[in-house]
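Residue numbers (this note's numbering): 145 to 444. Using N, Cα and C, we set each Cβ at its ideal position, and we do this for glycine too. See structure below.
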Ligand code: PMP
């Protein structure tokens, strides 16, 4: 049995509402709008060799995610970036994960809460890997098509990394896990292939990559990085509609995400895939890219 180390009972520091607090003191009130009505947004960032990969993109998305929930994070982009780096340093993390989160506070306890204070916190912890495929590393991930679907983009702002929308992913992943799979494959409200519970999907056929159009799920930062990386490496990448009936025709499937990185898929329901050369090449290229030190601009 795995021993869980609860996230509220650890050593370290969490920055919250302007102060770097001892980890266990970073608490909030039970009557918070964010908790009751899901008015909360977050980010997930990886630290490689002490540097946060794509910090600018994640920080901008955090701000945009709040705006999409009709709130303004009370920090500038620079403050968000500075604090993100401070928590990494305070927790002495060289390879890990940063979790910024912003939520509506306690001033109003009803659906509408325009006067609620927006709180912000940043935590950081060690996190070597996201996926440990049940069938073993050389078999890849097993995905099970979920009964749950990604919603019509008119249902909620799907490009916001809003906590509320993660209900879908949690339910889908719990069901996949109970059935012995590693993760869920979610179709969308029109029955098209969308993504996994927490990462985007790519499929390879005859040396060419295809990935679903992010109409009703996050256009992941890793997804965008992989599209560019693959094109730079000379591969053709098409953003297109993929129907579940087409899945059996692909040679390779992999998923991408900040936490997941590039992870090969070995099985979707009863269809099996080899971990192919393009997945391996992109996994390696992404691994090299994230560990590249950003070029520092010479002082003027
Ligand atoms: N889809 C979902 C549902 C996610 O939670 C994530 C992780 N943020 C992604 C896709 C991938 O996004 P990113 O590459 O920006 O981490």
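To the nearest angstrom, how far is it from the Cα of residue i to the Cα of residue j?
i	j	result
residue 262	residue 248	5 Å
residue 363	residue 303	7 Å
residue 223	residue 301	25 Å
residue 349	residue 276	25 Å
residue 435	residue 172	35 Å
residue 320	residue 345	17 Å
residue 442	residue 187	Its pLDDT being 49, under 50, residue 442 is placed unreliably by the model, and the measurement read from it follows with that caveat. About 30 Å.
residue 384	residue 252	43 Å
residue 337	residue 260	38 Å
residue 212	residue 307	12 Å
residue 229	residue 372	26 Å
residue 292	residue 424	30 Å
residue 444	residue 410	Its pLDDT being 40, under 50, residue 444 is placed unreliably by the model, and the measurement read from it follows with that caveat. Those two C-alpha atoms are separated by around 51 Å.
residue 323	residue 398	20 Å
residue 368	residue 181	31 Å
residue 347	residue 290	18 Å
residue 162	residue 378	46 Å
residue 282	residue 214	45 Å
residue 236	residue 256	40 Å
residue 351	residue 286	22 Å
residue 433	residue 311	32 Å
residue 392	residue 412	9 Å
residue 394	residue 305	30 Å
residue 221	residue 201	10 Å
residue 374	residue 366	12 Å
residue 238	residue 271	10 Å
Helix, strand or coil for residue i per DSSP?
i	result
residue 431	helix
residue 369	helix
residue 157	strand
residue 443	Caution is warranted here: a pLDDT of 46 is assigned to residue 443, below 50, making its placement in the model unreliable, and the coordinate value is therefore given only provisionally. In the structure shown, residue 443 sits in coil (DSSP, three-state: anything other than H, G, I, E or B).
residue 152	coil
residue 200	helix
residue 301	coil
residue 267	strand
residue 344	strand
residue 325	coil
residue 244	strand
residue 332	strand
residue 213	coil
residue 231	helix
residue 259	coil
residue 421	helix
residue 339	strand
residue 183	coil
residue 388	helix
For my contact list, residue i and residue j are in at a C-beta cut-off of 8 Å; report their separation, rounded to the angstrom.
i	j	result
residue 231	residue 267	7 Å
residue 250	residue 175	5 Å
residue 329	residue 294	11 Å between Cβ atoms; not a contact.
residue 284	residue 419	5 Å
residue 265	residue 159	6 Å
With distances taken between CB atoms, is the gap from residue i to residue j smaller than 7 Å?
i	j	result
residue 274	residue 429	no
residue 327	residue 360	no
residue 396	residue 354	no
residue 242	residue 196	yes
residue 401	residue 341	no
residue 185	residue 209	yes
residue 234	residue 157	yes
residue 269	residue 313	no
Notebook entry, point to check: Are the stretch 188 to 196 and the stretch 287 to 302 touching by the rule of at least three beta carbon pairs closer than 8 Å?
Noted result: no
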